[in-house]
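A short write-up of the structure that comes next.
In this note's numbering, the protein residues as written are 4 to 159.
As structure tokens, this is what we get:
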């Protein structure tokens with residue numbers, strides 16, 4: 004399962020679908036019909052995807068930073084949270100800027116007092132801001148950027 008990786012990819016702006024209960028055929032059909040890249044740790048599924056003409060990335064590591072580094076290297080995207088392109092980590096919908104008034108009562112009072120920028124999911128209405136946890140996010144992305152820069156080539 005790549006659910007954790009999916010949430011991180013969404014934060015950096017990748018339109019990433021995640022079907023927890025889908026079987027292999029459903030995953031392959033979705034990737035084919037929507038032109039998606041299949042990311043998996045399952046060697047058999049990866050092989051079937053490639054044989055079936057679906058672009059696929061096989062993850063060999065269980066480490067989140069290594070997975071991020073490898074996937075962004077393969078996809079050619081940036082390991083940076085840019086608010087204008089970030090997607091909701093929970094549901095994959097686009098995020099939009101939200102005013103302080105709009106999020107009042109939806110987030111902790113201290114966060115409302117100490118932050119000026121907020122984003123809200125257009126679909127599930129979750130609210131996001133760059134709180135203390137964001138330092139950990141930046142640290143993980145920095146480590147993944149360093150790993151990605153050390154990877155040789157790509158298998159596009």
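The beta-carbon is built from N, C-alpha and C at its ideal position, and this holds for glycine as well. All figures in this text were calculated on a predicted structure; none of them were measured in a lab.
With a threshold of 8 Å between beta carbons, is residue i in contact with chain B?
{"i": "residue 21", "result": "In summary, chain B is missing from the structure at hand, where a single protein chain is found."}
Run the CB neighbour count on residue i, radius 10 Å, all protein chains shown included, and call it buried at 16 or more, exposed below.
{"i": "residue 107", "result": "exposed"}
{"i": "residue 150", "result": "buried"}
{"i": "residue 137", "result": "exposed"}
{"i": "residue 85", "result": "exposed"}
{"i": "residue 76", "result": "buried"}
Return the CA-CA distance between residue i and residue j, expressed in angstroms with no decimal places.
{"i": "residue 105", "j": "residue 130", "result": "10 Å"}
{"i": "residue 143", "j": "residue 26", "result": "31 Å"}
{"i": "residue 41", "j": "residue 52", "result": "8 Å"}
{"i": "residue 133", "j": "residue 118", "result": "8 Å"}
{"i": "residue 124", "j": "residue 35", "result": "27 Å"}
{"i": "residue 69", "j": "residue 146", "result": "9 Å"}
Are residue i and residue j touching if we call contact CB-CB under 8 Å?
{"i": "residue 59", "j": "residue 154", "result": "no"}
{"i": "residue 13", "j": "residue 67", "result": "no"}
{"i": "residue 148", "j": "residue 82", "result": "yes"}
{"i": "residue 5", "j": "residue 54", "result": "no"}
Going by beta carbon distance, what residues of the same chain come within less than 6 Å of residue i, once the five residues before and after it are set aside?
{"i": "residue 89", "result": "14, 16 and 98"}
Report all residues from its chain with a CB closer than 7 Å to the CB of residue i; omit the five preceding and five following residues, and keep chain order.
{"i": "residue 152", "result": "none"}
{"i": "residue 92", "result": "10, 13 and 14"}
{"i": "residue 20", "result": "33, 39 and 95"}
{"i": "residue 49", "result": "43, 59 and 61"}
Tell me which same chain residues have a C-beta within less than 8 Å of the C-beta of residue i, skipping the five on either side of it?
{"i": "residue 115", "result": "103, 106 and 107"}
### Message
Just to confirm the assignment: which complete alpha helix (DSSP H) runs, minimum length 4, are found wholly within the stretch 80–114?
### Response
Complete alpha helix (DSSP H) runs here, min 4: 103–106.
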